[in-house]
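Reminder that position 21 of the sequence shown reads as 21 in the working numbering, one-by-one numbering, no gaps.
Glycine included, C-beta positions come from ideal geometry on N, C-alpha and C.
On a predicted model such as this, the values are computed, not experimentally measured, just so you know.
Structure record follows, encoded as structure tokens.
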Amino acid sequence: MKTIVIVLSCIVACCLAAPQGPRDNEVQLVRYVNNQDQDQEGGYQFTYELSDGQIRSESGALKDVGESPVIVVQGAYTFVGPDGLIYWVNYTADENGFHPVVGTGPEGGIKPGQDQGIDPNALKSLVG
């Protein structure tokens, strides 16, 4: 149940963070992948690509840090700005906060057809 709430919260946050205003073309969903842990560990991984060049991928898993577990997240997103440049953000978030790496250009961001780099099961093994 926690996983569903977390994933839905992430989707709502993404929708609310989208640029507002009129669009010349309607953006289409090109690709969507959604994987969740079936063992109630709270792991997830999703990727989506849109026809306007936006790509987002994220994976997360629960990490035990004492009294209550925290979710450790690793992700990336890429988009084409109004200036025609490719912008990208690779990030991690854990009990120590949000850690983004930001850049422009074709190198460093997530590419079309690419899922985010770490499988949720591998991420769980890294966090203990």
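Environment of residue i [buried if 16+ CB atoms lie within 10 Å]
i: Gln45; result: buried
i: Leu62; result: buried
i: Ile55; result: buried
Euclidean distance between Cα positions of residue i and residue j
i: Ile86; j: Pro106; result: 6 Å
i: Glu95; j: Tyr32; result: 28 Å
i: Val73; j: Gly66; result: 18 Å
i: Glu49; j: Asn34; result: 12 Å
Among the options, nearest to residue i - alpha-carbon criterion
i: Val27; options: Val65, Ala93, Ser51 and Gly103; result: Ser51
i: Asn25; options: Val33, Gly53 and Asn34; result: Gly53
i: Tyr91; options: Glu49, Asp83, Thr78 and Gly84; result: Thr78
i: Ile71; options: Val102, Tyr32 and Ala93; result: Ala93
i: Gly75; options: Ser59, Glu67, Trp88 and Gly97; result: Ser59
i: Val169; options: Val80, Ile11, Pro82 and Val101; result: Nothing can be reported for residue 169: it is not among the residues displayed for the chain, which extend from 1 to 128.
i: Pro69; options: Ile11, Gly103, Phe98 and Gly43; result: Gly43
i: Val80; options: Thr47, Thr104 and Val30; result: Thr104
i: Gly109; options: Phe98, Asp83, Ser57 and Pro82; result: Ser57
i: Thr47; options: Gly84, Ile11 and Lys2; result: Ile11
i: Lys2; options: Leu29, Glu49 and Gln36; result: Gln36
Secondary structure of residue i, DSSP reduced to three states
i: Ile11; result: helix
i: Ser59; result: strand
i: Pro120; result: The pLDDT assigned to Pro120 is 46, lower than 50, so where the model puts this residue is not dependable, and the model offers no usable value.
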